[in-house]
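**Student:**
Number of protein chains: 2
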Amino acid sequence: MDTKQSDLTREKILHAAFGEIHRNGFQAASIANILADTGLTKGALYHYFPAKHALGLAVIDEVIRAGLEEMVFSPLREAEYPVEELLNIMQCKAEYADEDTVRLGCPLNNLMQEMSPLDDVFQARMTLILKAWKTAIFNALVIGQRQHQIRPDVDCEAAALFIVSAWEGCWGVAKNMQSVHAFRSCITQLQDYVLSLGPRPGLEMKAS
Amino acid sequence: MDTKQSDLTREKILHAAFGEIHRNGFQAASIANILADTGLTKGALYHYFPAKHALGLAVIDEVIRAGLEEMVFSPLREAEYPVEELLNIMQCKAEYADEDTVRLGCPLNNLMQEMSPLDDVFQARMTLILKAWKTAIFNALVIGQRQHQIRPDVDCEAAALFIVSAWEGCWGVAKNMQSVHAFRSCITQLQDYVLSLGPRPGLEMKAS
DNA sequence: ACACATCCATACCGGTTGGTATGATTCACG
DNA sequence: CGTGAATCATACCAACCGGTATGGATGTGT
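Quick note, the sequences are listed as chains A and B, same order. If you count the first sequence from 1, you need to add 49 to reach my numbering. If you count the second sequence from 1, you need to add 49 to reach my numbering.
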């Protein structure tokens, strides 16, 4: 009960910090706003986090990374036909995206663009996530090759990195244009790109 | 001589502001730093720009937009074979990119990710650039269709937007990974995507 | 040569920022 | 029951921010 209570307030701070950072970016994220959202005060926050910097890192690791792990990496790892799962994940994101989602953009992408040239620790931490992402897609593509859904001559390494890039890019332009339509259009094109890695144009994908 | 001198200091402020914003983002861009770079003082800056906000807009219009116009839009508009020109522009950017270029990322993309959800005027101004960009590529693709370099069934509207998205996405991940190699790899994949819009896989592109 | 506008430097201001020092309250444990 | 550690609130601070008011210097038109 004791540790539960303390962990709960820590989580509350973490969650509010994530929201503030998602809305305003890390540098513009106001400690005061985070505390106002939680109803707590500075004493609480600086009890759990030594500085704003550490709070940011905790958000990256325990919110962003964890969320991505659950929503993308894990499903890709455990899927029987991971290429289809990849397309499926894109489809889900495209369908469930609403005005606010698009307006705020991808939390990881936002932080990367803002912080990577300014702070090496942030940069390293986020690059780790990026590489995990790329690896997850890479594995999916390689398995896809074994299942004859991806052509053998495809450079899965480069393709995986490009898919991550394009994925973040789709978020980026949709965010600026504030258009869910643009987002879905872009995701569809990205799906088409993945399909273009398959054998002879326009055939279905079912397994061996 | 008079107007020349005043315009010169205005340009100097504009250039320094662009640099500061490119490095730190708009919100974190310090007026003091901009002035330190130019050797001027606040009196000068606030003589030419009523507020930081207006300075930011001027940077977007007179530096970013103008630069893009000269380096991308105009060449695409005037090229005889615009699809090849598009591939060529990508190639140039990939080859000339160095550590610093990649580290700081695309100025427009940086600003979009930071400011579009925070300021409607910024957002509108940048969306205009984005649409001009998309239109430039769209026209290139349509002409490419007429020249049998792009398949007739390709949705040029969607493809153009996707190319812009992926382009910015390549900048984004390369920026975070701080890797010119990753950037070039992504651009190559993007070029392959454009080529995949052409007739029957892997054939050359020369005209009719 | 006088008046006036342009151009820019200096000094200053209110507000916000992240961070800290201190103290009150509560809880775990002997 | 009491003692020390964990948990959080309050008050405060120096630094920095964008912005303004004022004034001096320079040139320009008449």
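Glycine included, every Cβ here is placed at the ideal spot set by N, Cα and C.
Closer than 9 Å between beta carbons: that is the criterion. Which residues of the region 123 to 144 of chain B meet it against chain A?
**Tutor:** none
**Student:** How about B:A207: is its Cβ closer than 7 Å to a heavy atom in the ligand NAP?
**Tutor:** Judged by which ligands are present, the structure shown has none, so any question about the ligand NAP falls away.
**Student:** What did DSSP end up calling A:Y97 once you bin it into helix, strand or coil?
**Tutor:** For A:Y97, the three-state secondary structure derived from DSSP is helix.
**Student:** Assuming A:G218 contacts A:V132 (C-beta within less than 8 Å), just tell me the rounded distance between them.
**Tutor:** The Cβ separation is near 21 Å, so there is no contact.
**Student:** Let's see if you can read the secondary structure: which residues bound the alpha helix (DSSP H) around B:P156?
**Tutor:** 156 to 164
**Student:** Taking beta-carbon pairs under 7 Å, can you tell me which members of the region 199 to 212 of chain B lie near chain A?
**Tutor:** A207, A208, L210, F211
**Student:** With a Cβ-Cβ cutoff of 8 Å, do B:L160 and B:M175 count as a contact?
**Tutor:** yes
**Student:** Quick one: is B:P99 near chain A, going by C-beta distance under 8 Å?
**Tutor:** no
**Student:** Would you say B:S79 reaches chain A, if we count a Cβ-Cβ gap shorter than 8 Å as a contact?
**Tutor:** no
**Student:** Could you tell me which whole alpha helix (DSSP H) segments of length 4 or greater appear in the region 103 to 142 of chain B?
**Tutor:** 123 to 127
**Student:** In chain A, which residues lie with their C-beta within 9 Å of the C-beta of B:N82?
**Tutor:** Against B:N82, chain A offers no close residue; the least beta-carbon distance is about 14 Å (beta-carbon pairs closer than 9 Å).
**Student:** Tell me which residue opens and which closes the alpha helix (DSSP H) that A:S214 is part of.
**Tutor:** 205 to 226
**Student:** Excluding sequence positions up to five away, which residues of its chain have a Cβ less than 8 Å from the Cβ of A:K142?
**Tutor:** These residues qualify, in order along the chain: I236.
**Student:** If we count the other Cβ atoms within 10 Å of its Cβ and call it buried at 16 or more, is A:L57 buried or exposed?
**Tutor:** Per the 10 Å Cβ criterion, exposed.
**Student:** Going along the chain, which residues of the region 157 to 176 of chain A sit with their C-beta nearer than 8 Å to a C-beta in chain B?
**Tutor:** Within the region 157 to 176 of chain A, the residues whose Cβ lies closer than 8 Å to some Cβ of chain B are N158, N159, M161, Q162, E163, S165, P166, L167, Q172, M175, T176, listed in chain order.
**Student:** For B:T150, would you say it is in contact with chain A, using Cβ-to-Cβ distances shorter than 8 Å as the test?
**Tutor:** no
**Student:** Looking only at its own chain, which residues have a Cβ that is under 8 Å from the Cβ of B:G108, when we skip the five neighbours before and after it?
**Tutor:** Position check: residue 108 of chain B holds Val in this sequence, whereas Gly was assumed. Cβ within range, chain order: L63, A66, F67, I70.
**Student:** Looking only at its own chain, which residues have a Cβ that is under 6 Å from the Cβ of B:F98, when we skip the five neighbours before and after it?
**Tutor:** L104
**Student:** Counting only Cβ pairs nearer than 8 Å, list the residues of chain B close to A:G74.
**Tutor:** G74, Q76, E163
**Student:** B:Q238 to A:N137, Cα distance in whole Å?
**Tutor:** 22 Å
**Student:** Compare the Cα-Cα distances from B:P156 to each of B:N188, B:G221, B:T90, B:Q54 and report the closest residue.
**Tutor:** B:G221
**Student:** In the structure shown, what three-state DSSP assignment does A:H64 receive?
**Tutor:** If DSSP states are grouped into helix, strand and coil, A:H64 belongs with the helices.
**Student:** Could you work out which residues of chain B lie near A:V222, taking near to mean beta carbons separated by less than 8 Å?
**Tutor:** M161, L179, L210, V213, S214, E217
**Student:** Return the CA-CA distance between B:F232 and B:T184, expressed in angstroms with no decimal places.
**Tutor:** 24 Å
**Student:** If you compare alpha carbons, which of B:N188, B:F171, B:D168, B:A81 is closest to B:A207?
**Tutor:** Measuring from the Cα of B:A207, the nearest candidate turns out to be B:N188.
**Student:** Using DSSP with H/G/I as helix, E/B as strand and the rest coil, what is B:A81?
**Tutor:** helix
**Student:** From this set, A:S245, A:I178, A:D168, A:E118, which residue's C-alpha is nearest A:H197's C-alpha?
**Tutor:** A:S245
**Student:** With A:G172 as the anchor, note down where its alpha helix (DSSP H) starts and where it stops.
**Tutor:** A quick correction: the sequence has Gln, not Gly, at residue 172 of chain A. It spans 169 to 195 - the alpha helix (DSSP H) in which A:Q172 sits, taken as one unbroken run.
**Student:** Chain A partners of B:Q238, CB-CB under 7 Å?
**Tutor:** A207, A208, F211
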